[in-house]
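Heads up: the sequence shown begins at 156 in my numbering, then just goes up one per residue. All residues carry an ideal CB built from backbone N, CA and C; glycine is no exception. As the structure is a computational prediction, the values presented were derived from the model and not from experiment. Notes follow once the structure below has been shown.
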Amino acid sequence: QIIDATLVPAPKQHTSRGEKALIEQGAMPAGWKPAKRRQKDLDATWTKKHGKSHFGYKLSINVDKKYKIIRKIETDTASTHDSQHFDNVFDTVNTSRDVYADRGYPSAEREAWLKENGFRNQIQRKGHRNKPLSECQQRRNKRIAKTRARVEHVFGAIDQMGGKLLCTIGQARANFAMTMMAACYNLKRPVYFQKAGIKAF
Numbered sequence: 156q157i158i159d160a161t162l163v164p165a166p167k168q169h170t171s172r173g174e175k176a177l178i179e180q181g182a183m184p185a186g187w188k189p190a191k192r193r194q195k196d197l198d199a200t201w202t203k204k205h206g207k208s209h210f211g212y213k214l215s216i217n218v219d220k221k222y223k224i225i226r227k228i229e230t231d232t233a234s235t236h237d238s239q240h241f242d243n244v245f246d247t248v249n250t251s252r253d254v255y256a257d258r259g260y261p262s263a264e265r266e267a268w269l270k271e272n273g274f275r276n277q278i279q280r281k282g283h284r285n286k287p288l289s290e291c292q293q294r295r296n297k298r299i300a301k302t303r304a305r306v307e308h309v310f311g312a313i314d315q316m317g318g319k320l321l322c323t324i325g326q327a328r329a330n331f332a333m334t335m336m337a338a339c340y341n342l343k344r345p346v347y348f349q350k351a352g353i354k355a356f
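In structure tokens, the structure reads:
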């Protein structure tokens with residue numbers, strides 16, 4: 156099984172510092188009319204990735220290595236760290252013992268849990284300040300990346316189905332939209348299997 160997350164953008168919101176302060180206190184700015192209020196997404200959050208700011212939500216998925224079917228999903232706001240979804244999307248009934256993920260997921264506790272429960276840790280290592288990865292660890296990361304990259308095919312396919320930009324307001328609708336993205340992707344996979352002559356089920 157391969158675990159990863161992707162950012163799902165939402166229309167950017169432009170609010171002043173004063174307006175943000177009021178919103179955080181549970182109040183609405185006096186100048187916001189009902190029509191404007193309905194167009195403001197107060198649930199989506201900002202985050203940074205590769206030095207760029209992103210506004211929206213996050214979709215975490217678990218796909219199987221062989222068929223790239225999405226087995227489990229978790230939805231949240233963009234600022235939630237990827238690793239917080241690991242336990243929720245982990246598939247305990249997957250018949251393979253290998254667990255793949257990128258450098259955003261490693262921790263001593265997670266590694267110990269995987270080992271204790273008979274899973275093979277295929278999570279990439281992450282270097283730290285004044286403690287870079289050894290050559291052996293770098294080779295391990297490259298080896299894992301070849302398999303882990305299969306999850307990127309899933310995100311790419313979802314993007315090609317119409318893009319990941321949400322046109323909804325609020326987290327409840329965003330959660331539904333992201334769930335439908337994953338469901339529609341899964342519905343397309345058996346069609347591909349049939350055309351390719353693959354007996355997956």
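Would residue 218 pass as a contact of residue 309 if the rule is Cβ separation under 8 Å? By one-based count along the sequence shown, residue 218 stands at place 63. By one-based count along the sequence shown, residue 309 stands at place 154. Closer than 8 Å, so yes.
To the nearest angstrom, how far is the alpha carbon of residue 286 from that of residue 258? Counting from 1 along the sequence shown, the entry for residue 286 is found at position 131. Counting from 1 along the sequence shown, the entry for residue 258 is found at position 103. Taking the straight line from one Cα to the other gives about 15 Å.
Quick one: which unbroken alpha helix (DSSP H) runs of 4-plus residues sit fully inside the segment 195-246? Chain order, please. If you keep only unbroken alpha helix (DSSP H) runs of at least 4 residues inside the segment 195-246, you get 241-244.
Give me the Cα-Cα distance between residue 292 and residue 281, rounded to the nearest whole angstrom. In the sequence shown, counting from the first residue as 1, residue 292 sits at position 137. In the sequence shown, counting from the first residue as 1, residue 281 sits at position 126. Each residue's Cα considered, the two are about 9 Å apart.
Measure the beta-carbon distance from residue 238 to residue 202 and round it to whole angstroms, keeping in mind my assumption that it falls under 8 Å. Position 83 of the sequence shown, counted from the start, is the residue given in the question as residue 238. Position 47 of the sequence shown, counted from the start, is the residue given in the question as residue 202. About 14 Å; that fails the 8 Å criterion.
Does DSSP classify residue 189 as helix, strand or coil? Reading the sequence shown from its first residue, position 34 is the one you call residue 189. Three-state result, residue 189: helix.
Just the Cα atoms here: how many angstroms apart are residue 321 and residue 215? One-based indexing of the sequence shown puts residue 321 at position 166. One-based indexing of the sequence shown puts residue 215 at position 60. When rounded, the distance between both Cα atoms is 16 Å.
Which same chain residues, not among the five before or five after residue 344, have their C-beta less than 6 Å away from its C-beta? Within the sequence shown, numbered from 1, the residue matching residue 344 stands at position 189. Only 224 meet the Cβ criterion.
Supposed close pair residue 299, residue 279 - CB separation, criterion 8 Å: By 1-based counting over the sequence shown, the position of residue 299 is 144. By 1-based counting over the sequence shown, the position of residue 279 is 124. Residue 299 to residue 279, Cβ: 5 Å. Contact.
Inter-residue Cα distance where the pair is residue 267 and residue 275: Translated into positions along the sequence shown, residue 267 becomes position 112. Translated into positions along the sequence shown, residue 275 becomes position 120. Near 11 Å, if we compare the C-alpha coordinates of residue 275 and residue 267.
Note down, in chain order, each residue of its chain lying with its Cβ closer than 7 Å to the Cβ of residue 246, except the 5 sequence neighbours on either side. Along the sequence shown, one-based indexing puts residue 246 at 91. For residue 246, where only same-chain residues beyond five positions count, the Cβ hits under 7 Å are 156, 217, 226 and 227.
Assigned secondary structure, residue 255 (DSSP; H/G/I helix, E/B strand, else coil): Within the sequence shown, the letter at position 100 stands for residue 255. Residue 255 carries a strand assignment under DSSP once its states are collapsed to helix, strand and coil.
Taking the C-alpha atoms as reference points, what is the distance between residue 260 and residue 229? Taking the first residue of the sequence shown as position 1, residue 260 is located at position 105. Taking the first residue of the sequence shown as position 1, residue 229 is located at position 74. Each residue's Cα considered, the two are about 15 Å apart.
If you follow the alpha helix (DSSP H) that residue 406 is part of, which residue opens it and which one closes it? This structure cannot speak to residue 406, because the chain is shown only from 156 to 356.
Could you tell me if residue 211 is buried or exposed, where buried requires 16 or more neighbouring beta carbons within 10 angstroms of its beta carbon? Counting from one through the sequence shown, the residue named residue 211 turns up at place 56. Buried, because 16 or more other Cβ atoms sit within 10 Å of the Cβ of residue 211.
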